[in-house]
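Worksheet for the structure shown next.
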Amino acid sequence: MNALNATNNATGNNGHSSSSTGIRPNSGNDEAGGGGGGSSLLGAEADASSRRQATRVFKKSSSNGKITVYLGKRDFVDHISHVDPIDGVVFIDPEYVKDRKVFGQVLAAFRYGREDLDVLGLTFRKDLYLANEQIYPPSHTNERTLTRLQERLIKKLGANAYPFYFEVPPYCEHIDDKPHKRNSVRLTIRKVMYAPSKVGEQPSIEVSKEFMMKPNKIHLEASLDKELYHHGEKISINVHIANNSNRTVKKIKVCVRQFADICLFSTAQYKSVVAETESEDGCQVLPGFTLSKVFELCPLLANNKDKWGLALDGQLKHEDTNLASSTLITNPAQRESLGIIVHYKVKVKLLISGPLLGGDLVAELPFTLMHPKPEDDENALLGDKSPRQSIRDAQLVVAGHDGNAASCSSMQEVPTTNLIQLDDDDAQDDDIIFEDFARLRLKGAETEA
């Protein structure tokens, strides 16, 4: 879990306090265009009105209200080669800070279990990496160009708002410095991975089992229809059995297993079955026969809420979460810096009859389970277009519909005062919605006293 701290440097040690903040583009209410006569001007106003969007910025203040942090988003994508930079604004009370300094920190901390379970000073927590930067007074040695969100926030908040910018490193030295709770702000954000655009090879495997003093064997072929699956998508498992032995395959069991490696003091692995099925009674493979069958499984958290030891994706919103996505690793030597490593396998198991113990024949197929990469919403106001460009597009659409060049020239008089003007000097205040964070409650999960 990632945490962003904006702290005052006159601090002491304290306990931890955490909350979350983020942004989601929020469409404004659509306004219906005027009703009559096919007026191109009214049509353009309606089209421009439908494009209005407000930007939701999440904030968190310190307990004394002297420091407030504003973040543009709370999900930062890990692209394997790099991580999205973290940028935002800190609003301070100059009468309180005076000649002191304000620092920002990015800390990735992995915690196993609850904090109240720590005993004898032994904490089940591991800090993975850290970035640090002085925010106030601003340093002029590494000046950066302000992002569009920072420009808008500083314009709205005034002269006491100061920007910050962090680049998340792959790993860093452990630092024990802890800010004081009273004059610090702690916001939980996420570093997320999405499904890669390059898909791996189709998983397949062939295994055989032979028996003592018997020349023939049972041959099993298993394959998946693809290597990458999205959450909620069905997995098709193709199974082909050739029974050349004198034994009988009594039953076929197919399951999806989640493997979670916990990298804390020593690596421990949790294995959980998240979806399973088996062949119906009477579906046996007798000696000398073959069988080809397709099984379908869909691993979902909704079917596993009563199980312990499952790894889940972290969520910061009022939404249900899901099974943890597969972890993509580029450097196996840095496994410990990931905290929890998750991967999935499909297991096909044949139950074989015999005089005493016939034994089993097992095959495993690894696959990747992740979320698809969402559409780029960094330009959350009007997509990739400026308000002025969007108005021009509206003019062209209406002019093409009416076939009237004069109506196109009249479009240029369409007022745009309700849009968020990023390029005009005389623009009105930006339409920004500030929203505090509230923690997630897992849907359908009963709280135990």
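In full-length UniProt numbering, the protein residues as written are 1 to 449. Positions of the beta carbon are idealized from the N, C-alpha and C atoms, including for glycine. Note that this is a predicted model, so its numbers are computed, not measured.
In this structure, the CA atom of TYR270 is about 8 Å from the CA atom of GLN258. For ASP225, same chain residues with a beta-carbon under 6 Å away, outside a window of 5 residues either side, are SER236 in chain order.
Just measuring C-alpha positions, the residue of ASP87, GLN284 and PRO94 sitting nearest ARG152 is ASP87.
With a threshold of 16 other beta carbon atoms within 10 Å, LEU361 meets it and is buried. The segment 295-313 makes no contact with the segment 159-170; the number of CB pairs closer than 8 Å stays below 3.
The three-state reading of DSSP puts GLU151 in helix, counting H, G and I together. With the rule of 3 Cβ pairs closer than 8 Å, the segment 245-264 counts as touching the segment 282-295. VAL97: member of the alpha helix (DSSP H) spanning 94-97, first to last residue.
LYS305 has its alpha-carbon roughly 51 Å from the corresponding atom of GLU95.
Leaving aside the five residues that flank SER279 on each side, the residues in its chain whose CB is nearer than 6 Å to its CB run, in chain order, LYS251 and ILE252.
Contact check for VAL185 against ILE433 fails: the beta carbons are separated by 8 Å or more.
DSSP places LEU286 outside both helix and strand once states are collapsed to three, so it counts as coil. Residue environment: ARG74 is assigned as buried (16 or more neighbouring CB atoms within 10 Å of its CB, all protein chains considered). Ranked by Cα distance from HIS371, the options ILE340, ILE329 and HIS231 are led by HIS231. When DSSP states are grouped into helix, strand and coil, LYS293 belongs to the strand group. Nearest to LEU369 by C-alpha distance, out of SER292, CYS283, LEU310 and ALA195, is ALA195. When C-alpha distances from ASP99 are compared across VAL69, ASN322 and PRO138, the shortest belongs to PRO138. In this structure, TYR136 sits near VAL102, with a CB-CB distance shorter than 8 Å. Shortest Cα-Cα distance from THR188 to any of LYS59, ALA161 and HIS219 involves LYS59. Exposed is the label assigned to CYS283, since fewer than 16 other Cβ atoms lie within 10 Å of its Cβ. With contacts defined by Cβ atoms closer than 8 Å, GLY314 and CYS263 do not form a contacting pair. The bridge partners DSSP lists for ARG144 come to none. Per the C-alpha coordinates, the member of TRP308, HIS240, GLY104 and ALA324 positioned closest to ALA363 is HIS240. Of all alpha-carbon atoms in TYR229, VAL254, LYS156 and SER61, the one lying nearest the alpha-carbon of LYS349 is that of VAL254.
The straight-line gap separating the alpha-carbon atoms of LEU323 and PRO215 is approximately 44 Å. Within the segment 59-109, the complete alpha helix (DSSP H) segments at least 4 residues long are 94-97, listed from N- to C-terminus. A straight-line Cα-Cα distance of about 15 Å links SER204 and PHE295. When THR330, THR277 and LEU310 are compared, the shortest CA-CA separation from THR321 is found for LEU310. When C-alpha distances from LYS373 are compared across SER197, GLN105, VAL273 and GLU201, the shortest belongs to SER197.
For GLY72, the closest of ALA161, LEU149 and PHE367 by C-alpha to C-alpha distance is LEU149. Beta-bridge partners assigned by DSSP to ASP313: none are found. VAL256 has its alpha-carbon roughly 5 Å from the corresponding atom of ALA275. The criterion of a C-beta distance shorter than 8 Å is satisfied by VAL342 and SER325.
Under the three-state reduction of DSSP output, LEU300 falls in the coil class, being neither helix nor strand.
Taking all protein chains shown into account, GLY65 has fewer than 16 neighbouring C-beta atoms within 10 Å of its C-beta and is therefore exposed.
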